[in-house]
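Note that the sequence shown covers residues 25 to 385 in this note's numbering. Backbone N, C-alpha and C fix where the C-beta goes; we use that ideal spot for every residue, glycine too. Note that the structure is predicted; figures quoted are calculated from it, not measured.
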Amino acid sequence: MRKIVISTGGGDAPGLNAVIYAVVKSASMRGWEVYGSRSGYRGLLDYDDLVRLTPKEVEGITPIGGTILGSTNKENPFAMPITNLAGEVKVVDVSNRVLENFKRMGFYCHIAVGGDGSLEIAHRFAQKGMPVIGVPKTIDNDLKATDRTFGFDTAVATATEALDKLHSTAKSHDRVMVVEVMGRESGWIALYSGISGGADVILIPEVPFDIDKVCEKITDNELHDKHYSIVVVAEGAKAKDGTVVVKEKGELGRQEVVLGGIGERVARQIREKLGKDTRSLVLGHLQRGGSPTTFDRLLALRFGAAAVRMAEAGTFDHMVAWTPPCMSAVPLAEAVSSRKMVDLESDKVMTAREIGICLGD
Ligand code: F6P
C-alpha cells in the first residue's frame, strides 16, 4: 500500500481545502494512505505535526476557506531560522532531515500545494531525490505554466463585491474612491474586478500610469454629470515616473518589491490636483479569506485529483497545470521560472479600454 504526504505552503488561498479533499478521496479510492504535514514542512521535521487524513477527516472541508493543515510564508527547510538557547537566531539547512524523515515514514511521494516560493522549494527537494508533485496556488494568478491558479476567482469575486458596494457610497458623497487590491507584481485581480465592478480607472503594474491621465478621466466624468469615480489600483502599480522601491532579496534570492500604500498615494495626488473629496481603502487580506467560489472549488478539486493521477503515473518533479481544455503536467523548474503578467493585447484589456475605462496611460 502506498503512503503519500500533502503540505500547503505560502499564503493561504480559497480552495486549499478542496485540493486536500480531492487528494485524500482519490488516493483513498486507490487504497493509499494520506498524511498531512502541518505548517508547510513541519510535519516532516517533527512527527507531532504529521496527521493522518482519512476521508472521514476531510468530510465537508471543500467549501471552507484557509487550510486545515496551516501554511507558512516564512519557513524554508533549506534556510530555516532556528533560535538557540541563548536566544540567537541562526539560519540552518534542515532539508536532509526532512528527506530522511520522508524516507523513514516510507512515503511514496509528496504533494506540495503552493505558490512559486513553495514550488521552488518542492523542486529543490525533487532534485535531492524526493518524488514531488506541485499544485499551483495563489490568488494573484501569476504563475505562467497554468492558465489559472485556484483562489484567484474568489479574490476577484470579493473585490468585485466591494466595488459594487462602493458605488453607492461614492455616488452619495460625490467622491472619488480609490481601492487598492492585491496581486503582487501583476494586475490580474485589479483588471478582472475593475472591469466587472464598473471601475472608471484601473491601474496595473503592466501599464505604468500618468496621474494626469487619471485626473483627466475623473474630470471627464464630472463634465458628463457623473460626480463620483471609482479607481482600482493594483498593489504593484507604478507611476510612469517610477516610484517602486526594491526592498531586499527574498528568502530564495529574488528581489522583492515593497507593495502596498500606492492606493493612498494615488488618492492624495487626486485630492491635491483636483481638490476633489477622495478616500482610499486597502482591501488587503479580505481577498484571501472566505469560502471558494464554485469555479475555484472545481478547479482545486480537479487539481487534487490530477495530482494523484500524476503520482500513480510516477510523473514527479512536475506541477499540475490547467491548460484548457485539459490538465497537464509541467516540469516544476519551468513552472517556477517565470511570472505571468497581463497581456496588453488581450481582449480583456481591449474590453476595458473600449468600455471607457482609463488605464492611466
Ligand atoms: O501572493 C498572495 C498575496 O496575497 C499577495 O497578493 C500579497 O502581496 C501578499 O500575498 C501578502 O502577503 P502577506 O500575507 O505576507 O501579507
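Residue i: CB within 8 Å of a non-hydrogen atom of ligand 1
i       : result
Arg-208 : yes
Asp-236 : no
Gly-34  : yes
Glu-83  : no
Gln-151 : no
Thr-162 : yes
Glu-259 : yes
Gly-139 : yes
Arg-172 : no
Arg-312 : yes
Ala-183 : no
Ala-186 : no
His-248 : no
Ala-37  : yes
His-309 : yes
Contact under 9 Å by Cβ, residue i with residue j
i       : j       : result
Ser-95  : Tyr-65  : no
Gly-90  : Asn-41  : yes
Ile-157 : Ala-335 : yes
Ala-194 : Ile-254 : yes
Met-343 : Pro-160 : yes
Tyr-59  : Val-75  : yes
Ala-359 : Leu-143 : yes
Arg-199 : Asp-72  : no
Ala-345 : Val-354 : yes
Leu-215 : Ala-376 : yes
Ser-61  : Glu-99  : no
Leu-307 : Thr-182 : yes
Leu-305 : Gly-287 : yes
Gly-67  : Arg-26  : no
Gly-153 : Ile-145 : no
Asp-171 : Ile-213 : no
Ala-114 : Pro-105 : Note that residue 114 is Lys in the sequence shown here, rather than Ala. Going by C-beta atoms, Lys-114 is nearer than 9 Å to Pro-105.
Ala-69  : Asn-108 : Note on identity: in this sequence residue 69 is Leu, with Ala being the wrong assignment. In this structure, Asn-108 does not lie closer than 9 Å to Leu-69 by Cβ.
Closest by C-alpha distance to residue i, when choosing among the options
i       : options                               : result
Ile-226 : Ile-379, Lys-27 and Ala-46            : Ile-379
Phe-149 : Ala-357, Ala-183 and Thr-375          : Ala-357
Asp-36  : Glu-369, Ser-315 and Val-203          : Ser-315
Thr-243 : Ser-210, Ile-294, Asp-73 and Ala-194  : Ile-294
Ala-184 : Val-231, Ser-220 and Arg-312          : According to the sequence provided, residue 184 is Thr. The question's Ala does not apply to it. The residue with the shortest Cα to Cα distance from Thr-184 is Ser-220.
Ser-23  : Gly-141, Cys-133 and Val-58           : In the structure displayed, the chain extends from 25 to 385; residue 23 sits before or after that span and is not available.
Gly-207 : Asp-371, Met-365, Asp-385 and Ser-370 : Met-365
Ile-228 : Val-354, Asp-385, Pro-155 and Gly-328 : Asp-385
Lys-250 : Ala-223, Met-374, Ala-169 and Gly-338 : Ala-223
Phe-233 : Cys-239, Ser-304, Ala-179 and Ala-263 : Ala-263
Ile-28  : Asp-301, Leu-123, Glu-246 and Gly-130 : Gly-130
Gly-24  : Val-256, Asp-367, Asn-125 and Ile-135 : Not covered by the structure: residue 24. The range shown for the chain is 25 to 385.
Asp-320 : Ser-63, Val-180 and Ala-51            : Val-180
Glu-204 : Glu-230, Asn-245 and Gly-260          : Gly-260
Ala-51  : Ser-192, Ser-61, Pro-79 and Thr-375   : Pro-79
Ser-217 : Asp-188, Glu-240 and Glu-209          : Asp-188
Lys-168 : Val-115, Lys-237 and Ser-210          : Ser-210
Cys-133 : Gly-338, Thr-318 and Gly-299          : Gly-338
Lys-241 : Leu-383, Asn-125 and Val-137          : Leu-383
Val-231 : Arg-303, Glu-246, Asn-245 and Ala-258 : Ala-258
Asp-341 : Asn-108, Leu-68 and Gln-151           : Gln-151
Gly-285 : His-191, Ala-329, Ala-330 and Val-202 : Val-202
Ile-85  : Pro-38, Lys-237, Cys-239 and Asp-371  : Pro-38
Asn-245 : Lys-49, Ile-381, Lys-372 and Val-137  : Ile-381
Thr-318 : Leu-77, Met-53 and Pro-87             : Pro-87
Ile-92  : Leu-77, Tyr-252 and His-147           : Leu-77
Val-256 : Ser-196, Met-53, Arg-289 and Asp-166  : Arg-289
Proximity test, residue i beta-carbon vs ligand 2 heavy atom, cut-off 8 Å
i       : result
Gly-285 : Ligand 2 is absent from the structure shown, which contains only ligand 1.
Cβ of residue i within 9 Å of any chain D Cβ
i       : result
Asp-320 : Going by chain labels, chain D is absent from the structure shown, which holds only one protein chain.
Is the segment 311–325 touching the segment 168–177 in the sense that three or more CB pairs, one from each, lie closer than 8 Å?
The count of Cβ pairs closer than 8 Å, one atom from the segment 168–177 and one from the segment 311–325, reaches three, so the stretches are in contact.
Quick check: the segment 106–124 against the segment 341–354, are at least 3 beta-carbon pairs closer than 8 Å?
A contact is defined here as three or more CB-CB pairs under 8 Å, and the segment 341–354 fails this definition with respect to the segment 106–124.
Assess contact between the segment 318–336 and the segment 45–55, defined as three or more Cβ pairs (one per stretch) separated by less than 8 Å. Is contact present?
Taking 8 Å as the limit for Cβ pairs, the verdict is that the segment 45–55 does touch the segment 318–336.
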